[in-house]
Amino acid sequence: LTKAMENSTQVKLFYLFGLQETFNNKSVYFILSLITYLLIITVNLTLIITIIQEKGLHEPMYIFLCSLCVNGLYGTAGFYPKFLLDLQSDVQVISYSGCLTQAYVIYTSVMCEMSTLTVMSYDRYVAICRPLLYHTIVTSLTVRKLLLFSWCYPLFIALIAVSLTVRIPLCGSRIDKIFCDIPSILKHACLPITINSILNKFVIVVHVLQLLFIVFSYCQIVRNCVKSAKGRIKFTQTCVPHLITMVIYITVTLFDTLQGWNSNVNITLNMRNAMSVQFLVIPPVLNPVIYGLNLQQIRRAVFRKCNAHKIIDMKC
Numbered sequence: 001l002t003k004a005m006e007n008s009t010q011v012k013l014f015y016l017f018g019l020q021e022t023f024n025n026k027s028v029y030f031i032l033s034l035i036t037y038l039l040i041i042t043v044n045l046t047l048i049i050t051i052i053q054e055k056g057l058h059e060p061m062y063i064f065l066c067s068l069c070v071n072g073l074y075g076t077a078g079f080y081p082k083f084l085l086d087l088q089s090d091v092q093v094i095s096y097s098g099c100l101t102q103a104y105v106i107y108t109s110v111m112c113e114m115s116t117l118t119v120m121s122y123d124r125y126v127a128i129c130r131p132l133l134y135h136t137i138v139t140s141l142t143v144r145k146l147l148l149f150s151w152c153y154p155l156f157i158a159l160i161a162v163s164l165t166v167r168i169p170l171c172g173s174r175i176d177k178i179f180c181d182i183p184s185i186l187k188h189a190c191l192p193i194t195i196n197s198i199l200n201k202f203v204i205v206v207h208v209l210q211l212l213f214i215v216f217s218y219c220q221i222v223r224n225c226v227k228s229a230k231g232r233i234k235f236t237q238t239c240v241p242h243l244i245t246m247v248i249y250i251t252v253t254l255f256d257t258l259q260g261w262n263s264n265v266n267i268t269l270n271m272r273n274a275m276s277v278q279f280l281v282i283p284p285v286l287n288p289v290i291y292g293l294n295l296q297q298i299r300r301a302v303f304r305k306c307n308a309h310k311i312i313d314m315k316c
């Protein structure tokens with residue numbers, strides 16, 4: 001893949017022009033971005049470690065939630081370190097291979113988020129609509145298969161997307177964003193990108209099918225839960241966080257997807273960048289917070305750990 005990247009284009013560096021309108025406030029953006037990234041690392045690692053260490057949380061719902069948090073750390077690792085460096089530099093550049101690597105990580109993370117949310121909706125559907133058959137249907141083998149699907153499918157599709165991008169010679173090196181993505185790279189294509197467009201439409205169709213599956217699952221869940229007070233409580237505790245997470249994710253990614261393939265969006269560069277980066281800010285921060293506050297088992301485990309650390313500190 002590296003040899004193919006070196007031979008397919010004359011472009012060695014990409015210039016990121018997304019920060020051109022923020023030169024006077026770069027120190028403020030640096031502090032805010034650093035705080036945000038540290039917060040993302042803290043809240044996601046807290047949830048991951050809590051789920052791993054607590055045997056009572058070794059259930060499918062929490063395992064999928066752990067996968068969601070891992071994906072949040074994975075996706076933001078492809079953005080924040082480079083972005084923080086750019087905020088300290090006068091010229092924002094990235095190598096060709098570095099740009100493709102960043103695009104691959106972000107592309108994978110976006111698809112993995114959607115796949116994981118789909119898997120989580122299936123888990124909630126079986127748990128609420130078929131509770132007596134839950135442990136028969138959602139076995140440890142099923143959990144492993146679903147996790148494999150939620151990660152391997154995005155990794156494989158992203159690899160194809162990057163490979164198809166590598167074969168295209170480029171006639172430019174300007175990216176009007178604060179990070180690299182495949183649509184921004186392909187805007188400089190010197191040859192037709194028909195195959196790339198077909199792949200992009202395929203991914204959109206898959207995402208729409210996943211969204212329809214999620215909607216169908218929750219329609220069944222709501223219809224089942226409204227029948228009893230106990231069902232409504234269970235829905236509020238385990239499904240509302242997932243619904244909030246899903247709505248946030250779809251909202252913040254929809255804009256970036258639309259404006260990424262449509263350069264005629266008539267808004268300022270600052271506004272476009274602020275909107276396009278939201279899927280790397282809001283879901284990674286809110287996912288663990290929303291679940292941590294709403295799921296009693298996780299909340300109790302975190303509080304128990306905090307109290308244990310306080311006791312140890314007092315003894316010391």
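Going by UniProt numbering, the residue at position 272 of the sequence shown is 272; the numbering climbs one at a time, nothing skipped.
For each residue, glycine too, the CB sits at the ideal point set by N, CA and C.
Strand pairing of residue i, partner residues [DSSP]
i	result
residue 13	95
residue 322	This structure cannot settle anything about residue 322, because the visible part of the chain is limited to 1 through 316.
residue 175	16
Close-in-space but distant-in-sequence residues of the same chain around residue i (CB under 7 angstroms, 5 per side omitted)
i	result
residue 112	71, 150, 151 and 154
residue 196	164, 165 and 186
residue 56	297
residue 123	60, 61, 64 and 138
residue 253	110 and 279
Simplified DSSP assignment, three categories, for residue i
i	result
residue 376	Here the chain has residues from 1 to 316 only, and residue 376 is not among them.
residue 298	helix
residue 239	coil
residue 89	coil
residue 180	coil
residue 28	helix
residue 43	helix
residue 281	coil
residue 78	coil
Rounded C-alpha distance that separates residue i from residue j
i	j	result
residue 281	residue 99	20 angstroms
residue 128	residue 156	32 angstroms
residue 144	residue 239	22 angstroms
residue 42	residue 87	22 angstroms
residue 118	residue 219	14 angstroms
residue 109	residue 29	24 angstroms
residue 137	residue 291	24 angstroms
residue 18	residue 207	28 angstroms
residue 172	residue 178	17 angstroms
residue 214	residue 121	6 angstroms
residue 126	residue 90	53 angstroms
residue 221	residue 68	21 angstroms
residue 318	residue 192	No statement about residue 318 is possible, as the shown extent of the chain runs from 1 to 316 and does not include it.
residue 289	residue 190	45 angstroms
residue 107	residue 140	28 angstroms
residue 278	residue 244	15 angstroms
residue 11	residue 170	7 angstroms
residue 132	residue 203	35 angstroms
residue 142	residue 26	48 angstroms
residue 223	residue 47	31 angstroms
residue 205	residue 92	35 angstroms
residue 217	residue 235	12 angstroms
residue 249	residue 24	31 angstroms
residue 148	residue 49	21 angstroms
Residues of its chain near residue i, where Cβ-Cβ distance is below 8 angstroms and the 5 sequence neighbours each way are ignored
i	result
residue 101	78
residue 232	225 and 226
residue 33	80, 83, 84 and 87
residue 311	In this prediction, residue 311 scores a pLDDT of 48, lower than 50, which makes its location untrustworthy; the coordinate-derived value is nonetheless stated afterwards. Answer for residue 311: no residue qualifies.
residue 134	126 and 127
residue 316	With a pLDDT of only 47 at residue 316, under 50, the local geometry of the prediction cannot be trusted, and the value read off the model is given with reservation. Cβ neighbours of residue 316 beyond the five flanking positions: none.
Neighbourhood of residue i by C-beta, 6 angstroms cutoff - its chain only, sequence neighbours within 5 removed
i	result
residue 40	76, 284 and 285
residue 210	114 and 118
residue 162	100 and 104
residue 44	69, 72, 73 and 288
residue 14	94, 99, 173 and 175
residue 5	Confidence is the limiting factor: at residue 5 the pLDDT is only 48, short of 50, which leaves the residue's position unreliable, though a coordinate-based value still follows. Around residue 5: 97 and 166.
residue 318	The question about residue 318 has no answer, for the chain in this structure spans 1 to 316.
Check: Which ranges would you report for the alpha helix (DSSP H) in the stretch 194-237 if only whole runs of at least 4 residues count?
Finding: 194-225
Next item on the list: List in chain order: all unbroken alpha helix (DSSP H) runs of 4+ residues lying wholly within the stretch 98-155.
Entry: Counting only runs of at least 4 residues, the stretch 98-155 fully encloses the following alpha helix (DSSP H) elements, listed from N- to C-terminal order: 134-137.
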